[in-house]
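Participant: Structure below; questions to follow.
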Amino acid sequence: MHHVESQIREPLILGNKTYHQITEDVCRPVEGKANKMWYMVFSIASLLALWGLGCICYTVGVGIGVWGLNKTVDWAWDITNFVWWVGIGHAGTLISAVLLLFRQRWRMAINRSAEAMTIFAVIMAALFPLLHMGRIWLAYWVLPLPNQFGSLWVNFNSPLLWDVFAISTYFSVSLVFWYIGLIPDFATIRDRAVKPLSKKVYSILSFGWTGSAKHWNRFEEVSLVLAGLATPLVFSVHSIVSMDFATSVIPGWHTTIFPPYFVAGAVFSGFAMVLTLMLVMRKVLHLEAYVTVKHVEYMNIIIMVTGSMVGVAYLSELFISWYSGVEYEGYAFMNRATGWYWWSYALMMTCNVVSPQLMWVKKWRRNIVLTFFMSIVVNVGMWFERFVIIVTSIHRDYIPSSWNLFHPTFVDIGLFLGTIGIFFVLFLLYSRVFPVLALNEVKTILRTTGEAQLKQIHAGEHPTTNDSPKKGH
Amino acid sequence: MSTVIYAMYDDDHVLLDGAKKVVSKGIHVTDVFSPFPVHGIDDVIGVRKTRLAICAFIYGLTGMSLALIGMRYFMIVDWPMNIGGKPNFSLLQNLPAFIPITFEFTVFCTAHGMALTYMLRNKTLPGMKAKNPDPRTTDDKFVMEIHVEESKEAEVIALLKETGAIEINKKAA
């Protein structure tokens, strides 16, 4: 059986790997001990998380009056953070679902961690609307339950309720998708485990997976159908988030361009966060052979494309605000670019529109250090995009006497940095106990994309994937 | 009395060719255990295509119907709300506002219904015991399971060796 593989296609798995070597490489961090670096980063993240938890307790105990919100700017950092985190949470399912449907084999090295990132980011996102409710213990009021005052229901016409359904569906479906993929890999760790405790834990986590032909047959069907479902889901979630703004009659928000513009922005920031995390992870866990420069390049291309889409959206917004002849719209955009908050607008434009254009240069998009720096720039830019949309649109009300600015309090700052801390705590814990790479899926592409195997294919030999000498062929 | 033979291979393609050879001799391969899906094995050993996708479709229809029936009851029948004079007296006229939740709920029911069915059909549930014959099948080895009569045992083992099996174990069924 000979494979035809293009000569110019770069290998996705570097070095002379075998199936067993893949298992070894991915299980090593789970079975070994954490290094100093891990403890250091974990301590910093824990401190941030503690500050965040303190601010959460303070907010819940005292009420959201401790935030910097005022009568005019009644949505600010909270919703900015919410949209920012949801946006970040878009890359995981995009990588695992959309790229699965398009049969992109490079997704295998990054989908597991991207999905983990998605799940943790959506948890962080959900925290903000919950806290914004003020009385978080009444959060169940968002569910369609008949209340004690009569048969008054939640408003199904409201995008805020659509959001409840969208986020909870997205979170739970992503979690299930992630876990179904994890089961076979947990089974691999279980079958290798030496210590009785870890054997026990991974036995429970792997649900008795055996890897029989029937199991795999169903596994592939479930993965495909879930990917088919998750693909429109990814697009729907951020569309619905954008409708929180687009359906309200506020100049700067009331635009039909919002859904695609938000989705492109979400993919843009999601991939940036994936890069931030993966570039560190591949180094610390020695996974350079699997998360290669080629992977980084692919992700940078996606960042470049989605960044440019976001740029087109910014410019059409600007153009339409003038072309529509609506004075309020015109003012809202003029004020964004030249008003008190001009610096946040300038920052947004530089980070999101100008900086991704660097990726046109092949040498730059294959540069790890530059990519890491750029991924942070993009995330800063995307946070400011949401800040610009939310705060600059409402800080100039229809009545000039209501005009106001927004000043974050230490609680606002604490909540934002705190969620970053909690996110990293979760991600660091994940990187110690979970297989950070879909190791069994990666094995399926070894024969056709491994560096050593490609060499054999091009030499006209049958590619070997194990250590023992060949028989039968 | 019959025995179970486990033939171990270290290459998925060798196993696939081996399975073809074994099946062509009229021997039934009960199962194959592998660290990842071996493409093409299902047809060779006669694993039927799963009907999970059909289940998923039914769960989806259920979710869609529930969402529409629910919203019609809440918003049209039980407590119609007049919001800016927008239509609130017929499902059809109010439908555009109901599309997002109908979609989300359809996906919700399909995905979770399918995932649960998958777990139940696979018998992979928390606390279940793994029954793979060799721990190496989740790493880099591939095992073929064959049930044979004791009288034909030697013949089958010889055939399996010929197909490139690196290890052959047997146990009483």
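Protein chains in written order, with my numbering: chain A, 51 to 523; chain B, 730 to 902. Glycine included, each C-beta is placed from N, C-alpha and C at the ideal position.
What did DSSP end up calling isoleucine 370 of chain A once you bin it into helix, strand or coil?
Facilitator: Note: isoleucine 370 of chain A maps to helix in three-state DSSP.
Participant: Could you name the residues of chain B that tryptophan 212 of chain A contacts, counting a contact when the two beta carbons are closer than 8 angstroms?
Facilitator: Pro829, Ile830, Glu833, listed in chain order.
Participant: In chain B, what lies closer than 7 angstroms to threonine 515 of chain A by C-beta?
Facilitator: Within 7 angstroms Cβ-Cβ: Asp740.
Participant: What three-state label does DSSP hand alanine 901 of chain B in the structure shown?
Facilitator: Three-state result, alanine 901 of chain B: strand.
Participant: Which residues does DSSP list as the beta-bridge partners of methionine 873 of chain B?
Facilitator: Partner(s): B/Ala736, B/Val761.
Participant: Of all the alpha helix (DSSP H) runs that stay within the bounds of the stretch 391-424 of chain A, which reach a length of 4 or more residues?
Facilitator: For the stretch 391-424 of chain A, whole alpha helix (DSSP H) runs of length 4 or above, ordered along the chain, are 392-399, 412-415.
Participant: Against chain A, which members of the stretch 750-772 of chain B pass a CB distance test of less than 7 angstroms?
Facilitator: From the stretch 750-772 of chain B, only Asp760, Val761, Phe762, Ser763, Pro764, Phe765, Pro766, Ile770, Asp771 have a Cβ closer than 7 angstroms to chain A.
Participant: Decide if glycine 258 of chain A is buried, meaning its Cβ has at least 16 other Cβ atoms within 10 Å, or exposed.
Facilitator: By the 10 Å Cβ count, glycine 258 of chain A comes out buried.
Participant: Can you look up isoleucine 63 of chain A in the DSSP assignment and give me helix, strand or coil?
Facilitator: DSSP places isoleucine 63 of chain A in strand when its eight states are reduced to three.
Participant: Serine 731 of chain B by DSSP, collapsed to three states: which one?
Facilitator: Correct three-state label for serine 731 of chain B: strand.
Participant: Pull up the CB-CB distance for leucine 487 of chain A and tyrosine 340 of chain A, whole angstroms please, since I reckon it's below 8 angstroms.
Facilitator: With 8 angstroms as the limit, leucine 487 of chain A and tyrosine 340 of chain A qualify as a contact, their Cβ atoms being about 6 angstroms apart.
Participant: Chain B beta carbons: is any one of them nearer than 8 angstroms to that of arginine 482 of chain A?
Facilitator: No - not a single Cβ of chain B is within 8 angstroms of the one on arginine 482 of chain A.
Participant: Within 10 Å of its beta-carbon, does tryptophan 414 of chain A have 16 or more other beta-carbons around it, so buried, or fewer, so exposed?
Facilitator: The residue in question, tryptophan 414 of chain A, is exposed, as its Cβ has fewer than 16 Cβ neighbours within 10 Å.
Participant: Going along chain A in order, which residues have a C-beta closer than 7 angstroms to the C-beta of alanine 736 of chain B?
Facilitator: Under the 7 angstroms cutoff, chain A gives no residues; its nearest Cβ is about 13 angstroms from alanine 736 of chain B.
Participant: Counting only Cβ pairs nearer than 7 angstroms, list the residues of chain A close to valine 836 of chain B.
Facilitator: In chain order: Thr219, Val223, Leu279, Leu283.
Participant: For arginine 416 of chain A, which residues from the same chain have a beta carbon less than 6 angstroms from its beta carbon, with the 5 sequence-adjacent residues on both sides left out?
Facilitator: Within the same chain, arginine 416 of chain A has close Cβ partners Val343, Glu347.
Participant: Is leucine 888 of chain B close to chain A? Criterion is C-beta to C-beta, closer than 8 angstroms.
Facilitator: For leucine 888 of chain B, the answer is no, since every Cβ of chain A falls outside 8 angstroms of its Cβ.
Participant: Whole angstroms are fine: how far does the CA of isoleucine 233 of chain A sit from the CA of aspartate 869 of chain B?
Facilitator: Cα-Cα distance, rounded: 17 angstroms.
Participant: Beta carbon of valine 761 of chain B, beta carbon of valine 752 of chain B: below 8 angstroms?
Facilitator: No. Outside cutoff.
Participant: Out of A/Trp203, A/Met323, A/Asn66, A/Thr306, which one is the CA nearest neighbour of methionine 424 of chain A?
Facilitator: Residue A/Met323 is the option with its Cα nearest to methionine 424 of chain A.
Participant: Find out if the Cβ-Cβ distance for the pair threonine 356 of chain A, phenylalanine 318 of chain A is shorter than 8 angstroms.
Facilitator: Yes, they are a contact pair.
Participant: Where are the beta strand (DSSP E) runs, 3 residues long or more, that stay fully inside the stretch 116-166 of chain A, in chain order?
Facilitator: Here no run is fully enclosed.
Participant: Would you check whether the ligand ZN has a heavy atom nearer than 7 angstroms to the C-beta of leucine 97 of chain A?
Facilitator: This structure does not include the ligand ZN; it has no bound ligands of any sort.
Participant: Whose CA, out of A/Trp127, A/Leu337, A/Trp187, A/Ser256, lies closest to the CA of arginine 78 of chain A?
Facilitator: Answer by Cα proximity: A/Leu337.
Participant: Is it true that the CB of isoleucine 444 of chain A sits closer than 8 angstroms to the CB of isoleucine 300 of chain A?
Facilitator: Cβ atoms of isoleucine 300 of chain A and isoleucine 444 of chain A: closer than 8 angstroms.
Participant: Note down the Cα distance separating glycine 755 of chain B from leucine 889 of chain B, rounded to an integer number of angstroms.
Facilitator: Each residue's Cα considered, the two are about 13 angstroms apart.
Participant: Going by DSSP, what residues sit across from glycine 500 of chain A in a beta bridge?
Facilitator: Partner(s): A/Ile63.
Participant: Please check if any C-beta of chain B sits within less than 8 angstroms of the C-beta of serine 146 of chain A.
Facilitator: Not an interface residue.
Participant: Examine chain B for any beta-carbon lying closer than 8 angstroms to the beta-carbon of proline 79 of chain A, and answer yes or no.
Facilitator: Chain B, which has no Cβ nearer than 8 angstroms to the Cβ of proline 79 of chain A, makes this no.
Participant: Taking Cβ positions only, does lysine 860 of chain B come closer than 8 angstroms to chain A?
Facilitator: Lysine 860 of chain B counts as touching chain A.
Participant: Checking 8 angstroms against the spacing of the C-beta atoms, do valine 287 of chain A and isoleucine 353 of chain A come in under that value?
Facilitator: No; because the gap between Cβ atoms is not below 8 angstroms, this pair is not in contact.
Participant: Please work out which residues of its chain come closer than 8 angstroms, Cβ to Cβ, to asparagine 817 of chain B, disregarding the five sequence neighbours upstream and downstream, and give them in chain order.
Facilitator: For asparagine 817 of chain B, where only same-chain residues beyond five positions count, the Cβ hits under 8 angstroms are Met804, Ile805, Pro809, Met810, Asn811, Asn823.
Participant: Taking 8 angstroms as the CB-CB limit, is valine 671 of chain B close to chain A?
Facilitator: Within the shown structure, residues of chain B are numbered from 730 to 902, placing residue 671 of chain B beyond reach of any answer.
Participant: With a threshold of 8 angstroms between beta-carbons, can arginine 185 of chain A be considered close to chain B, or not?
Facilitator: No, its Cβ sits nowhere closer than 8 angstroms to a Cβ of chain B.
Participant: Any chance the stretch 123-136 of chain A sits against the stretch 175-193 of chain A, with 3 or more Cβ pairs inside 8 angstroms?
Facilitator: Short answer: they touch.
Participant: Given a cut-off of 8 angstroms on the beta-carbon distance, is the pair isoleucine 886 of chain B and isoleucine 774 of chain B in contact?
Facilitator: Not closer than 8 angstroms, so no.
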